[in-house]
Amino acid sequence: MRAEAEGDGELGMLMVGNVGVNRVRADCLDFPDIRTLEDMVFQRPGGFEATTKSYFYQRARPMDIRLAERVIRGERFHPATRSLWFFMPSGDCPAQWYGQWNTGRFKSHCFFSPTESECQTI
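Numbering (my numbering), first residue to last: 2 to 123.
Structure (structure tokens):
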């Protein structure tokens, strides 16, 4: 969460955490065989880009652990409540990204969620 969204503060990191937990909970679209956080983070293609950078492999700080525990316990934050994707565009958020609707932006990241009919398990 830190490696993907530290620049967006604690709330931004929590939203990235929501996306990760949602991918583990989902049994649909790009995530039918993702069952653990490790599977999700290292999924190829589609996992977290930060795993390709050395910053990702730094020891987690107490704050990082506390934030991760919050999303694992089920705390959700709009616009990432049901999101399975996020990215940092150079401009405005597109209405859709890979066919999924934009649910909002928080600072530098846009969040995208499937419809309920596409993915009922998140």
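Yeah, the Cβ is synthetic: ideal placement off N, Cα and C, and Gly gets one too.
Cβ atoms of residue j and residue i: under 8 Å apart, would you say?
i       : j      : result
Ala-81  : Phe-32 : no
Val-25  : Phe-87 : no
Phe-78  : Leu-38 : no
Ile-123 : Ala-6  : no
Glu-119 : Leu-68 : no
In three-state DSSP terms, what is residue i?
i       : result
Ser-84  : coil
Gly-92  : coil
Thr-37  : coil
Gly-105 : strand
Phe-32  : coil
Met-112 : What sits at residue 112 in the sequence shown is Phe, not Met. Here Phe-112 sits in strand by DSSP.
Between the Cα of residue i and those of the options, spot the shortest distance and give me the residue it belongs to.
i      : options                            : result
Lys-54 : Met-64, Phe-43, Pro-63 and Gly-100 : Phe-43
Ser-84 : Ala-4, Ser-91 and Gln-97           : Gln-97
Arg-71 : Asp-9, Gly-21 and Ile-123          : Gly-21
Pro-1  : Asn-103, Cys-120 and Asp-34        : Residue 1 lies beyond the range of the chain shown here (2 to 123); nothing can be said about it.
Thr-52 : Met-2, Met-64, Gly-13 and Gly-10   : Met-2
Asp-73 : Ala-4, Asn-23 and Gly-10           : This sequence places Ile at residue 73; Asp is not what is there. Checking every option, the nearest Cα to that of Ile-73 belongs to Asn-23.
Gly-92 : Tyr-56, Arg-36, Gly-48 and Ser-109 : Ser-109
What whole-angstrom Cβ distance do residue i and residue j have, given they're in contact under 8 Å?
i      : j       : result
Cys-29 : Pro-115 : 7 Å
Gly-13 : Phe-107 : 6 Å
Would you mind sorting residue i into buried or exposed? The rule is 16 or more other CB atoms within 10 Å of its CB.
i       : result
Gln-101 : buried
Ile-66  : exposed
Ala-61  : exposed
Met-1   : The displayed coordinates of the chain run from 2 to 123. Any statement about residue 1 would go beyond what the structure contains.
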